[in-house]
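Residue numbers (UniProt numbering): 1 to 448.
Set out below in structure tokens:
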């Protein structure tokens, strides 16, 4: 009994000594480093990508076992027994974004990198492109294939992918028709049919625009316009409306998401191109054809010209470029309005008492000011006094400065923005270095 008590006291004393030695162990001064030392040991992994060595933990890669770096395929294909490291002959610059994805769980990329090259790297490492964070998609990014990833014309990409995995024959048929109408097939018979359909719809769009324009031309030696004499123009317009209606109904029936379909600007344009025709038929059958207000509805048919932008990537990029500069263009327009009001008021008060003056009001003077500022100069209104001519000359020079000079400045805006982003990245890096020195933060080790 006494021996058992002595053994218990010995164990208690040794436990107290170990606990005391643990409590008295000096701290390194780095809280994150102390936590790393106390956690369960993990094996380090050295990955050599294109001659650049990256060091991380094995458990970090195991966060995504369905990818290349997290699977057993990495050791089977890329492990170098001599150097005790993994060697992957890929781009080391883009690999740092891949490795950060395993560390943080969020995939980011730089604006300066090619989107196609980054997608190739994602495909090689088995990472889905949908993992890219939303903040990396910017309207100001002018990569050539940015519209393939965040295009409002093509609708919701996520809804499309959910639509692609439909296994029923109805779902496969809807998907086949949807890809055919969108012209997204890359090869095969469906790509050929899609190309033929694009040309057919484009031909009807051009034919519809032709009939809309030509029907307003007066006939020779008659007071009637050509549409009232040649009913073939009305027939052609009805055929075009029928084709556009069938196309719109097919898109509506096979679309993956009706809400996204309704918010798509191109679908709104398609609806506006056929809506006046059916509204005119309805009102004509109910009220009669004597109302001149019905003619106003025919003006909306000109929206059919915007249907050409659906299948033209260049026109879509042009529209995206205008949308990205909308803030600058709005500011420029506001400055022009101020200049027009100022110069028009000056011209009016100077020329209103002139003998041959034609500036009878400020709105009339605005016409002269606008024509002068854009250097068009019709010559229908000219100032008669010397002071008025001086103000007109100043107005012309001011128009050149306000209209011509801001255009290259807006064009170079994105280059300046990318340069500033690189500067901000350097500042962030310097802040992190200072924090590491103070022991406030110690990020994971990326490159040796």
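Glycine residues also receive a C-beta, built at the ideal position from the N, C-alpha and C atoms. Bear in mind the structure is a predicted one, so any value in this text is a computation, not a measurement.
- DSSP, reduced to helix, strand and coil, places residue 257 outside both helices and strands of the structure shown, so it counts as coil.
- The closest CA to that of residue 131, considering only 123, 352, 106, is found on 106.
- In the pairwise beta carbon analysis, the segment 324-332 is classified as not touching the segment 299-308: fewer than three pairs are separated by under 8 Å.
- In the same chain as residue 60, and ignoring 5 residues on each side of it, the C-beta atoms closer than 7 Å to its own belong to 102, 103, in chain order.
- In the displayed model, residue 55 falls within a strand according to three-state DSSP.
- Given a length threshold of 4 residues, each whole run of the alpha helix (DSSP H) inside the segment 324-354 is given here in chain order: 326-351.
- Assigned with DSSP and collapsed to three states, residue 264 falls in coil, not helix or strand.
- Straight-line spacing of the CA atoms in residue 331 and residue 394 works out to 21 Å.
- C-alpha of residue 338 to C-alpha of residue 246: approximately 48 Å in a straight line.
- Under the three-state reduction of DSSP output, residue 79 falls in the strand class.
- Cβ-Cβ distances below 8 Å link residue 43 to 57, 58 in the same chain, with the five nearest sequence neighbours on each side left out; the list follows chain order.
- About 18 Å separates the CB atoms of residue 361 and residue 378; that is not less than 8 Å, and the two are not in contact.
- Under the three-state reduction of DSSP output, residue 49 falls in the strand class.
- DSSP lists 80 as the beta-bridge partner residues of residue 85.
- Put simply, the backbone Cα of residue 127 is about 15 Å away from that of residue 73.
- At the C-beta level, residue 174 and residue 254 come within 9 Å of one another.
- Taking a 10 Å sphere around the C-beta of residue 344, we find 16 or more other C-beta atoms and assign the residue as buried.
- Residue 202 has its alpha-carbon roughly 16 Å from the corresponding atom of residue 267.
- For residue 94, the three-state secondary structure derived from DSSP is helix.
- The beta-carbon distance between residue 108 and residue 133, rounded to whole angstroms, is 5 Å. This is short enough to meet the 8 Å contact definition.
- For residue 201, DSSP records no beta bridge to any residue.
- Counting other Cβ atoms within 10 Å of its Cβ, residue 117 stays below 16 and is therefore classed as exposed.
- Counting along the chain, the unbroken alpha helix (DSSP H) around residue 373 starts and ends at 362-373.
- Residue state for residue 313 is assigned as helix, using DSSP reduced to three classes.
- As DSSP reads the structure, residue 107 sits in a beta bridge with 132.
- Rounded to whole angstroms, the separation of the alpha carbons of residue 124 and residue 68 is 8 Å.
- Per DSSP, residue 123 is one residue of the alpha helix (DSSP H) stretching across 115-125.
- Bounds of the alpha helix (DSSP H) holding residue 387 are 386-404.
- Residue 407 holds the alpha-carbon nearest to the alpha-carbon of residue 322 among 407, 284, 354.
- About 6 Å separates the CB atoms of residue 308 and residue 205; that is less than 8 Å, so the two are in contact.
- The distance from the Cβ of residue 306 to that of residue 274 is about 13 Å, inconsistent with a contact at the 8 Å cut-off.
- Residue burial is scored here from C-beta neighbours: residue 351 has at least 16 other C-beta atoms within 10 angstroms and is therefore classed as buried.
- Of the candidates 46, 54, 62, the residue whose Cα lies closest to the Cα of residue 83 is 46.
- The alpha carbon of residue 207 has as its nearest neighbour, out of 97, 269, 304, the alpha carbon of 304.
- When 236, 375, 98, 71 are compared, the shortest CA-CA separation from residue 209 is found for 236.
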